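*Asks:* Residue numbers (the numbering used here): 119 to 318.
Cβ atoms here follow ideal geometry from the backbone N, Cα and C, with glycine treated the same way.
The model shown is predicted, which means the values in this text are computed figures rather than measured ones.
Let me begin by handing over the structure; questions about it come next.
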């Protein structure tokens with residue numbers, strides 16, 4: 119992985135830098151089972167990068183539920199709080215983060231996760247000392263696939279969007295990177311599998 123053509127690196131968190139998507143989906147499964155809602159774990163994975171409230175709204179639309187999205191989202195967040203081990207560091211992207219640090223490149227997290235959960239996960243994984251900025255669902259108005267998350271991260275790092283590269287594990291995230299004018303590497307099953315240039 120040659121990062122030298124870039125000036126900053128931005129990582130999604132869940133499923134990209136930390137293998138925390140299973141914990142999120144477990145929390146959603148507990149929520150759905152408690153409310154008699156069908157559980158489609160594969161569908162929840164496609165919603166990776168989307169804030170909890172947006173996922174709740176999409177879930178209601180998917181199954182045409184008569185439910186309060188705020189209530190469902192809060193239930194999921196409580197269930198996620200109850201999960202003690204939320205995920206291990208993903209080796210491939212962790213190596214990229216360490217390489218960026220060795221090159222003196224600033225790095226940021228751009229996640230759809232709640233700030234309190236992001237800080238908990240990153241602290242438990244020992245990643246906080248390697249990161250310069252964190253943008254979470256709490257700071258963003260238009261979430262992925264819109265570019266705001268990554269544009270905020272670039273702004274906080276003081277680097278032009280075109281000089282940033284993103285690492286993401288979902289199509290929503292790749293679309294957000296492209297919309298931000300940033301090159302993107304797709305991460306799948308813990309491996310960096312594809313390069314998505316911003317201009318194609």
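Alpha carbon to alpha carbon, what distance is there between residue 156 and residue 150?
*Replies:* Spanning the two alpha carbons is a distance of roughly 7 Å.
*Asks:* What number of angstroms, rounded off, separates the C-alpha of residue 131 from the C-alpha of residue 189?
*Replies:* Those two C-alpha atoms are separated by around 25 Å.
*Asks:* Helix, strand or coil, according to DSSP, for residue 129 in the structure here?
*Replies:* If DSSP states are grouped into helix, strand and coil, residue 129 belongs with the strands.
*Asks:* Could you tell me the boundaries of the alpha helix (DSSP H) in which residue 188 lies?
*Replies:* Where residue 188 is concerned, the enclosing alpha helix (DSSP H) stretches over 187-200.
*Asks:* Count the other CB atoms within 10 Å of the CB of residue 244; is the residue buried (16 or more) or exposed (fewer)?
*Replies:* Its Cβ having fewer than 16 others within 10 Å, residue 244 is exposed.
*Asks:* Quick one: measure Cβ to Cβ for residue 269 and residue 295, integer angstroms, because I've assumed they're closer than 8 Å.
*Replies:* Not confirmed; about 10 Å, so no contact.
*Asks:* So who's on the other strand from residue 228, going by DSSP bridges?
*Replies:* Per DSSP, 253.
*Asks:* Rounded to a whole number of angstroms, what is the C-alpha to C-alpha distance between residue 261 and residue 123?
*Replies:* Computed Cα separation, rounded: 27 Å.
*Asks:* Does the beta-carbon of residue 143 have 16 or more other beta-carbons within 10 angstroms, so that it is buried, or is it exposed?
*Replies:* Buried, by the Cβ-count rule.
*Asks:* Can you look up residue 303 in the DSSP assignment and give me helix, strand or coil?
*Replies:* Of the three classes helix, strand and coil, the one that applies to residue 303 here is strand, per DSSP.
*Asks:* Is it buried or exposed for residue 286, if we count other Cβ within 10 angstroms and need 16 for buried?
*Replies:* Looking at its Cβ environment, which holds 16 or more other Cβ atoms inside 10 Å, residue 286 is buried.
*Asks:* Identify whether residue 268 lies in helix, strand or coil by the three-state DSSP scheme.
*Replies:* Looking at residue 268 - three-state DSSP - the assignment turns out to be helix.
*Asks:* With burial defined as no fewer than 16 other Cβ atoms inside 10 Å of the residue's Cβ, what is the status of residue 301: buried or exposed?
*Replies:* Under this definition residue 301 is a buried residue.
*Asks:* For the alpha helix (DSSP H) holding residue 236, just list the boundary residues, first then last.
*Replies:* Run containing residue 236: 233-242, per the alpha helix (DSSP H) assignment.
*Asks:* May I ask which residues mark the beginning and end of the alpha helix (DSSP H) holding residue 152?
*Replies:* Taken as a continuous stretch (DSSP letters only), the alpha helix (DSSP H) holding residue 152 covers 139-152.
*Asks:* According to the neighbour-count rule (16 or more other Cβ atoms, all chains shown, within 10 Å of its Cβ), is residue 303 buried or exposed?
*Replies:* Under this definition residue 303 is a buried residue.
*Asks:* Among all the DSSP beta bridges, which residues are the ones paired with residue 136?
*Replies:* According to DSSP, residue 136 bridges with 132, 207.
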